[in-house]
């Protein structure tokens with residue numbers, strides 16, 4: 016992170032951070048995208064300096080998830096400012112606001128422990144727009160004297176926002192969730208599904224010791240298609256798939272993919288029909304589960320919407336999976 020200690024105004028203590036990301040930063044970001052060390056990828060909460068800030072320099076508030084921290088600082092090469100980093104337990108701003116860790120109490124407490132009132136002469140804070148659900152601006156002002164201004168959605172707009180006198184354009188306020196934004200989130204879901212798949216393959220190996228019809232490469236490929244659809248294809252194509260619920264979107268693509276696989280392998284014809292029916296029940300439900308899991312990473316959903324969808328979809332997914340597994344096992348043991 017290229018940080019070093021410095022002497023802040025009024026003899027306060029802070030750290031200067033570079034706006035240039037090192038190879039280690041890029042490597043760390045890549046590892047986190049693949050779920051390696053995700054919950055440990057943090058920076059210490061507190062006050063940081065970017066460039067050569069003084070008592071009148073702006074104060075930006077962010078989370079201590081290092082991916083978020085790095086995304087912000089790399090866009091501040093032309094700004095002298097302070098960064099007040101909250102302890103969000105290594106969670107990004109948007110998710111932390113929903114969970115309450117990017118919240119009013121943490122912000123108030125961090126202002127006090129960082130000695131911000133002695134570091135700057137103004138009483139203005141710039142918070143990320145996606146942190147708004149967790150922070151009561153008037154309560155922060157009442158308790159600390161600092162006013163809250165919500166900045167742009169994207170860190171790439173922060174320099175222009177400050178240059179415009181902390182005025183955000185409509186474009187800066189627009190929440191985009193592009194295909195690329197969705198694609199970069201899929202590796203973590205894919206890795207998680209791979210971990211669970213190891214257990215599934217272990218169970219199938221044991222079943223094969225007694226099965227009249229052992230599981231083979233075709234079964235593996237059918238399963239792999241359902242994983243790929245639920246963890247990668249459905250999230251990437253999210254806006255183009257019919258329906259609103261993520262579970263339905265995953266099920267819809269999963270049903271199409273499974274039907275093509277079952278048809279190609281001839282599992283719709285006797286005597287393999289029970290196998291085909293089993294996979295048509297189990298695999299789309301499997302895709303639906305992984306697609307629904309993506310709700311926690313999407314700006315398309317709200318916490319209440321996620322809970323509502325899970326309450327409706329999970330029983331249906333479980334029932335469909337169980338029914339499908341029963342049909343598959345009947346064919347596996349009875350031949």
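In the working numbering, the protein residues as written are 16 to 350. A virtual CB, placed ideally from N, CA and C, is assigned to each residue, including glycine. These figures come from a predicted structure and were not determined experimentally.
I want to know whether the stretch 172-182 touches the stretch 105-123 - three or more CB-CB distances under 8 Å. no
Residue 64, DSSP secondary structure in three states: strand
Can you look up residue 89 in the DSSP assignment and give me helix, strand or coil? coil
Starting from the Cα of residue 168, find the closest Cα among 145, 118, 252 and 225 and give me that residue. 145
With a 10 Å radius around its C-beta and 16 neighbouring C-beta atoms as the bar for buried, classify residue 171 as buried or exposed. exposed
Could you check whether residue 306 and residue 262 sit closer than 8 Å to each other, using their CB atoms as the reference points? yes
Closest Cβ-Cβ distance between residue 74 and chain B: below 8 Å? Of the protein chains in the structure, only one exists, and it is not chain B.
Alpha carbons only, please: which of 335, 130 and 103 is nearest the one belonging to residue 118? 103
For residue 82, which option in 73, 47 and 90 has the closest C-alpha, if you only look at C-alpha atoms? 47
Per DSSP, which one or two residues make a beta bridge with residue 78? 101
On a CA-only basis, which of 258, 297 and 159 is nearest residue 240? Give me that one, please. 297
Smallest Cα separation from residue 244: which of 303, 151 and 284? 303
Within 10 angstroms of its Cβ, does residue 85 collect 16 or more other Cβ (buried), or is it exposed? buried
Along the chain, where does the beta strand (DSSP E) containing residue 165 start, and where does it finish? 162-165
Spatially closest choice to residue 151 from 134, 129 and 120, by CA coordinates: 120
Can you check which of these residues, 72, 349 and 76, is closest to residue 352 by C-alpha distance? Outside the modelled stretch of the chain, which goes from 16 to 350, sits residue 352, for which no answer is possible.
For residue 224, which three-state DSSP category applies? coil
Specify whether the stretch 48-62 and the stretch 190-209 touch according to this definition: at least 3 beta carbon pairs, one from each stretch, less than 8 Å apart. yes
Mind checking residue 97: buried by the 16 CB within 10 Å criterion, or exposed? buried
Nearest residue (CA-CA) to residue 156, options 210, 237, 30 and 127: 127
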